[in-house]
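In terms of the UniProt record's numbering, the sequence shown is residues 1 to 414.
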Amino acid sequence: MSANVITAGSHPLDASGSRPVEDAAVRRALDVIHRHYAEPLQVERLARAAGVSRTILAERFVRAVGEPPMRYCGRWRLHVAAGMLATEKQSIAEVAFAVGFTSEAAFNRAFKRAYGQPPGRWADRHRPSSKPGRAGQAVLYCRARDGTRLAWSAAGRGPPLVKTANWLNHLEFDWESPLWRPWLEELTSTNQLIRYDERGNGMSDWDASDLSFEKLVDDLETVVDAAGVERFDLFAISQGAPVAVAYSLRHPGRIRRMVLLGGYSCGWRHRLSGDDLARREAMVTLTKTGWGSDNPAFRQMFTSLYIPDGSAEQAQWFNELQRVSASPENAVRLQHVLATIDVRPMLARVSVPTLVLHATNDNVVPISAGRVLADGIPGARFVELDSRNHVLLEHEPAWPHFLRLIREFYAGED
1 MSANVITAGS HPLDASGSRP VEDAAVRRAL DVIHRHYAEP LQVERLARAA
51 GVSRTILAER FVRAVGEPPM RYCGRWRLHV AAGMLATEKQ SIAEVAFAVG
101 FTSEAAFNRA FKRAYGQPPG RWADRHRPSS KPGRAGQAVL YCRARDGTRL
151 AWSAAGRGPP LVKTANWLNH LEFDWESPLW RPWLEELTST NQLIRYDERG
201 NGMSDWDASD LSFEKLVDDL ETVVDAAGVE RFDLFAISQG APVAVAYSLR
251 HPGRIRRMVL LGGYSCGWRH RLSGDDLARR EAMVTLTKTG WGSDNPAFRQ
301 MFTSLYIPDG SAEQAQWFNE LQRVSASPEN AVRLQHVLAT IDVRPMLARV
351 SVPTLVLHAT NDNVVPISAG RVLADGIPGA RFVELDSRNH VLLEHEPAWP
401 HFLRLIREFY AGED
């Protein structure tokens with residue numbers, strides 16, 4: 001059994017989601033966890049195997065792995081369980097007991113907290129016979145130039161349509177979501193949709209050392225190259241818009257047409273001032289303590305801004321998406337990055353045909369930011385959508401209007 005440690009957010013079916021540990025004592029403790037995870041392990045046993053005291057092991061384990069030994073043990077059990085559910089035909093109860101749980105109900109709760117869905121649904125989605133329901137999506141992995149592992153997918157048939165990452169994505173969980181599933185079904189009905197989870201969230205590496213705007217653009221570049229598409233349409237929502245703008249300057253000949261929805265050219269630290277800025281900074285501070293809680297009250301604050309007209313089911317799924325797609329630390333890091341983006345000097349050099357769409361009463365990115373974006377791009381067309389949702393909902397009138405606009409635009413000639 002390998003003494004490599006699984007990285008946060010790693011996928012149980014992807015062997016690349018691990019890294020070696022140099023500390024010999026920690027390696028010995030990991031070997032016990034990896035071999036005997038189904039047994040009622042205690043720190044005392046791990047310390048004896050490691051040859052150090054409990055206190056020393058705890059300190060060195062956190063330093064090497066990033067979390068205490070028993071917390072990692074719980075995560076490893078669920079990691080093994082997820083792999084079993086996806087590849088074996090055992091019942092949920094059998095899997096639960098096989099990885100050391102004494103209660104199927106406790107296993108179900110722990111699994112849903114870790115993977116964002118009940119174990120039965122995970123098994124249905126990941127066993128080979130069940131995958132056609134996702135328009136044949138395959139989740140693949142590539143490495144950015146700095147070694148960060150990026151998860152990307154291709155689904156549907158037709159001309160290639162690349163979607164930039166946005167706050168927040170999860171390639172698997174999005175298909176379950178009543179919020180994002182309509183988007184995926186529509187976009188894959190006419191195109192081969194290529195999308196990815198950006199570094200720091202979803203199924204991509206959560207341990208990325210460099211989480212900067214330049215790296216976000218590099219990651220789009222990496223995924224496009226991995227997908228092997230030479231010329232394609234580009235679709236960007238929210239923070240994806242400045243990423244798309246920067247990419248279009250690097251590779252103007254590869255993008256046929258570009259749609260930017262709810263986007264901006266500069267982050268909120270450039271746009272806000274006074275009390276508005278103070279309130280937004282306070283949200284970042286609260287993220288540090290409230291994001292990872294089982295109580296969704298804090299994440300509901302973001303949900304209310306993003307989808308004020310969302311149903312109870314849509315709001316619940318958006319709350320859960322935020323929890324499973326990013327750690328509190330990465331949620332804070334991402335907010336700092338997005339706050340300071342500024343591509344305004346680039347806009348005048350964009351040469352790609354561009355359609356800019358924006359909800360009239362968007363509470364996350366004001367419509368004035370969309371107008372600045374459109375005004376700065378030569379020849380860009382700007383259209384208001386009658387909505388107050390940053391993420392459009394399939395039951396609102398703006399949804400069919402949006403679909404008609406992008407279909408007509410992408411159908412245009414080169």
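Cβ coordinates follow ideal geometry from the N, Cα and C atoms, glycine included.
Small disclaimer: the values here were computed from a predicted structure and weren't measured.
- For the pair L321 and D219, the CB atoms are not nearer than the 8 angstroms cut-off.
- In its chain, beyond the 5 residues on either side, F382 have a beta carbon closer than 7 angstroms to the beta carbon of R371.
- About 6 angstroms separates the CB atoms of A236 and G263; that is less than 8 angstroms, so the two are in contact.
- In the DSSP annotation of this structure, the continuous segment of the beta strand (DSSP E) that includes M258 starts and ends at 255-261.
- Checking the DSSP bridge columns, you'll see H358 partnered with E384.
- Taking all protein chains in view, the Cβ of E94 is surrounded by fewer than 16 other Cβ atoms within 10 Å, so the residue is classified as exposed.
- Remark: C-beta atoms of V43 and R35 do not approach each other more closely than 8 angstroms.
- Taking every protein chain shown into account, the CB of S273 has fewer than 16 other CB atoms within 10 angstroms, so this residue is exposed.
- In this chain, F302 is not harboured by any beta strand (DSSP E); it is covered by the alpha helix (DSSP H) spanning 297-306.
- The segment 143-159 makes no contact with the segment 117-126; the number of CB pairs closer than 8 angstroms stays below 3.
- Using a 10 angstroms sphere on the CB of T360, the tally of other CB atoms stays under 16, which defines it as exposed.
- Counting of Cβ neighbours within 10 angstroms places S265 among the buried residues, the total reaching 16 or more.
- DSSP, reduced to helix, strand and coil, places W167 outside both helices and strands of the structure shown, so it counts as coil.
- Within its own chain, the residues whose Cβ lies closer than 7 angstroms to the Cβ of G376, once the five positions on either side in sequence are excluded, are S265, R344, L347, A348, listed in chain order.
- Here the alpha carbons of P20 and Q192 stand approximately 36 angstroms from one another.
- Inclusion of L355 and V259 in the CB contact set at 8 angstroms is warranted, their separation being smaller than that value.
- In the assembly as shown, P378 is an exposed residue. Its beta-carbon has fewer than 16 other beta-carbons within 10 Å.
- Only residues of its own chain outside the window of five on either side were considered, and among them F107 have a CB closer than 6 angstroms to the CB of F101, listed in chain order.
- For Q192, the enclosing beta strand (DSSP E) has its first and last residue at 192-197.
- Each residue's CA atom was taken as its position, placing V352 and I33 some 53 angstroms apart.
- For D414, the number of other beta carbons within 10 angstroms of its own is below 16, and it is reported as exposed.
- Note: W152 is bridge-paired with L140, Y196 in the DSSP secondary-structure output.
- The residue among Q335, I307, S248 with its C-alpha nearest the C-alpha of V350 is S248.
- In this chain, D342 is not harboured by any alpha helix (DSSP H), its DSSP state being neither H nor E.
- Excluding the 5 residues flanking it on each side, I194 has same chain C-beta neighbours closer than 8 angstroms at W152, S153, A154, P160, L161, V162, K163, V223, V224, A227, V229, F232, in chain order.
- Contact between N330 and G240 fails: their C-beta atoms lie close to 17 angstroms from each other, not under 8 angstroms.
- If you draw a 10 Å sphere on the C-beta of H395, you find fewer than 16 other C-beta atoms in it, and that means exposed.
- Shortest Cα-Cα distance from R157 to any of R280, A110, T190 involves T190.
- C-alpha of D276 to C-alpha of A339: approximately 13 angstroms in a straight line.
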